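For reference, the structure discussed in these notes is given below.
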Amino acid sequence: MPERADEPIDRPADVATSLPPEPEPVPAPDVPRALEAILMVADEPQSLVNLAAAVHVPVGTVRRAIAELVADYDGERGGVRRGFELREVGGGWRFYVRADHDALIADYVVSQNPTKLSQAALETLAVIAYKQPISRGAIASIRAVNVDSVVRTLLGRGLITEMFTDSETGAINYGTTDLLLTQLGINAIEELPRISPLLDDGREGFDSDQH
17 MPERADEPID RPADVATSLP PEPEPVPAPD VPRALEAILM VADEPQSLVN
67 LAAAVHVPVG TVRRAIAELV ADYDGERGGV RRGFELREVG GGWRFYVRAD
117 HDALIADYVV SQNPTKLSQA ALETLAVIAY KQPISRGAIA SIRAVNVDSV
167 VRTLLGRGLI TEMFTDSETG AINYGTTDLL LTQLGINAIE ELPRISPLLD
217 DGREGFDSDQ H
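Numbering (our numbering), first residue to last: 17 to 227.
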């Protein structure tokens, strides 16, 4: 039966959304500790913008808080110099063990981590790092062994990536990733140490004038 114009029409009530309330900005005095908590669980470096969004405060406030944390961990305010530091790497901030303890940590990792890279993988990774972009065939030529399985391992670990395919040969060229920079605690591959001081005859290494 048609509805009359003067009769109210029963309509279902609007369903209220159940979105969580917007988090309140972290009070300024608590920002350093809040950032500390976030960085403690972060798997990769966090930019100032990301951190500012996480604690709902301006980027300038986060920048000052980061500087405060760095000074705190460095013992610049009369406190104890920590065994870790807050370091800017790859455009973001992350906790790292201080270089003073590198030998200790390296020994611990070698003895405790059963999934560490093999010697063959480390050698292949070094070749790629210093010679990138480089094809699988060129890596094999330098190492004088088949590197197919090792390259697959490094790809699976996210330490190298396929950069491009050579238009003439069809060979895939590989290079290192930001994850490797993060793991090494450096900002750019150019920060890798030079090879020549490690060679008896002073050659640059890998037939290259780089590093």
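Glycine included, each C-beta is placed from N, C-alpha and C at the ideal position. Keep in mind it's a predicted model, so treat the numbers as computed, not measured.
Per DSSP, Glu178 is paired with what?
For this step, residue 178 is matched to residue 162 along the sequence shown. DSSP output for Glu178 lists Tyr190 as bridge partner(s).
Got a sec? Which residues, its chain only, sit under 7 Å from Arg98 by beta carbon, not counting five neighbours each side?
For the purposes of this step, residue 98 is taken as residue 82 along the sequence shown, with counting starting at 1. The answer, listed in chain order, is Tyr89.
Report yes if the C-beta distance between Val163 and Arg152 is below 8 Å; otherwise report no.
Position 147 of the sequence shown, counting from 1, holds the residue named residue 163. Position 136 of the sequence shown, counting from 1, holds the residue named residue 152. Result yes, Cβ atoms of Val163 and Arg152 sit closer than 8 Å.
Phe180 beta carbon near the ligand ATP (any heavy atom closer than 7 Å)
Questions concerning the ligand ATP fall outside what the structure shown contains, since it holds no ligand whatsoever.
Beta-carbon separation of Leu171 and Leu141 under 8 Å?
The residue you call residue 171 lines up with position 155 of the sequence shown. The residue you call residue 141 lines up with position 125 of the sequence shown. No. Outside cutoff.
Neighbourhood of Glu207 by C-beta, 7 Å cutoff - its chain only, sequence neighbours within 5 removed
The residue you call residue 207 lines up with position 191 of the sequence shown. Here the set comprises nothing.
On the criterion of 16 or more Cβ atoms from any shown chain inside 10 Å, does Ile150 qualify as buried, or is it exposed?
Along the sequence shown, read from residue 1 onward, the residue named residue 150 stands at position 134. Looking at its Cβ environment, which holds 16 or more other Cβ atoms inside 10 Å, Ile150 is buried.
Close beta carbons around Arg93, own chain, < 8 Å, minus the five adjacent residues each side
Against the sequence shown, residue 93 aligns to sequence position 77. Here the set comprises Ala87.
Val71 versus Ala83 - alpha carbon distance
Stepping through the sequence shown from its first residue, residue 71 is reached at position 55. Stepping through the sequence shown from its first residue, residue 83 is reached at position 67. Their backbone Cα atoms lie some 16 Å apart in a straight line.
From Tyr190 to Thr177, what distance separates their C-alpha atoms?
Position 174 of the sequence shown holds residue 190. Position 161 of the sequence shown holds residue 177. Answer to the nearest angstrom: the Cα atoms are 6 Å apart.
Could you check where the alpha helix (DSSP H) with Gly95 kicks off and where it finishes?
Looking up residue 95 in the sequence shown gives position 79. Taken as a continuous stretch (DSSP letters only), Gly95 belongs to no alpha helix (DSSP H), as it is neither H nor E.
Check the DSSP bridge columns for Glu101 and list the partner residues they point to.
Mapped onto the sequence shown, residue 101 falls at position 85. Looking at the DSSP assignment, Glu101 forms a beta bridge with Tyr112.
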